[in-house]
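Numbering (full-length UniProt numbering), first residue to last: 1 to 164.
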């Protein structure tokens, strides 16, 4: 599973309220979530993001509450993957559950508007703009399978005969 997109770069401790403000979490309308993603952190994000783009962050991305709307909003906005030095564990798990690819890469030099390719299977991030490769964590095959199915629910529906 390889994903390529333009990098939108942010710092450390980007919490779920910055990803999607709490006042918008009472809807199940994914387009409404997408319309407000990162609006307090980056007011121009929504007009600049394109389908397939990648979020890149420093440490502790997705900290704060355990709301699933944060990774859902990013996915609905067209984000193909998130690369961060580290994640809040509940955000990481929620992202996998909703089918948003995430990868940890503690040592990267990705800058705004770099074109990056994320190879989840091998845990490699290739910065096409700088012609640099960064080693990220490799993901267990079952997690790749969950992402390929679009999230945990579609995965379980497809594999219901194997789930106890």
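Ideal placement from N, C-alpha and C gives every residue a C-beta, glycine not left out.
Q. Excluding five sequence neighbours on each side, which residues of the same chain lie with their C-beta closer than 6 Å to the C-beta of residue 61?
A. As a position in the chain shown, residue 61 is number 61, starting the count at 1. Shown here for residue 61: same chain residues with a beta carbon closer than 6 Å to its own, the five before and five after excluded, namely 14, 84 and 87 in chain order.
Q: Measure the C-alpha to C-alpha separation of residue 5 and residue 90 and round it to an integer number of angstroms.
A: Position 5 of the chain shown, counted from the start, is the residue given in the question as residue 5. Position 90 of the chain shown, counted from the start, is the residue given in the question as residue 90. Whole-angstrom Cα-Cα distance: 25 Å.
(Q) Is the beta carbon of residue 127 closer than 7 Å to that of residue 116? (A) For the purposes of this step, residue 116 is identified with residue 116 of the chain shown, where counting begins at 1. For the purposes of this step, residue 127 is identified with residue 127 of the chain shown, where counting begins at 1. The answer is yes: Cβ separation under 7 Å.
**Q.** Sequence-distant residues of its chain with Cβ nearer than 8 Å to residue 81 (five each side left out)
**A.** Residue numbering aside, residue 81 sits at position 81 when the chain shown is read from its first letter. Non-local beta-carbon contacts of residue 81 in its own chain, meaning distances under 8 Å to residues more than five positions away in sequence, involve 3, 5, 54, 55, 100, 101, 102, 103, 118 and 120 in chain order.
Q.
Please tell me whether residue 71 and residue 48 are closer than 7 Å, where the distance is taken between their beta carbons.
A. What you label residue 71 is simply residue 71 of the chain shown in a count that begins at 1. What you label residue 48 is simply residue 48 of the chain shown in a count that begins at 1. No, the Cβ-Cβ distance between residue 71 and residue 48 is not below 7 Å.
Q: Give the secondary structure of residue 145 by DSSP, where H, G and I count as helix, E and B as strand, and everything else as coil.
A: As a first step, residue 145 is located in the chain shown; it is residue number 145 there, counting from the start. Here residue 145 sits in helix by DSSP.
Q: Figure out for me which residue from 79, 11 and 8 has the closest Cα to the Cα of residue 34.
A: As a first step, residue 34 is located in the chain shown; it is residue number 34 there, counting from the start. The shortest C-alpha separation from residue 34 is found at 79.
Q | Proximity below 7 Å, CB of residue 151 to CB of residue 114 | A | Position 151 of the chain shown, counted from the start, is the residue given in the question as residue 151. Position 114 of the chain shown, counted from the start, is the residue given in the question as residue 114. Contact check for residue 151 against residue 114 fails: the beta carbons are separated by 7 Å or more.
**Q.** Segments assigned alpha helix (DSSP H), at least 4 residues, entirely inside the region 15 to 90
**A.** As far as the region 15 to 90 is concerned, its whole alpha helix (DSSP H) runs of at least 4 residues are 16 to 19, 30 to 36, 45 to 48 and 69 to 76.
Q | Nearest-angstrom Cα separation, counted from residue 148 out to residue 166 | A | There is no way to answer for residue 166, as the model of the chain reaches only from 1 to 164.
Q | Interface flag, residue 98 vs chain D, CB-CB below 7 Å | A | This model lacks chain D altogether; it includes just one protein chain.
Q. Thinking just about the alpha-carbon of each residue, which of 65, 36 and 43 is nearest to the one in residue 77?
A. Within the chain shown, the letter at position 77 stands for residue 77. Comparing Cα positions, the closest option is 36.
Q. In three-state terms, what does DSSP make of residue 3?
A. Position 3 of the chain shown, counted from the start, is the residue given in the question as residue 3. Strand, per DSSP.
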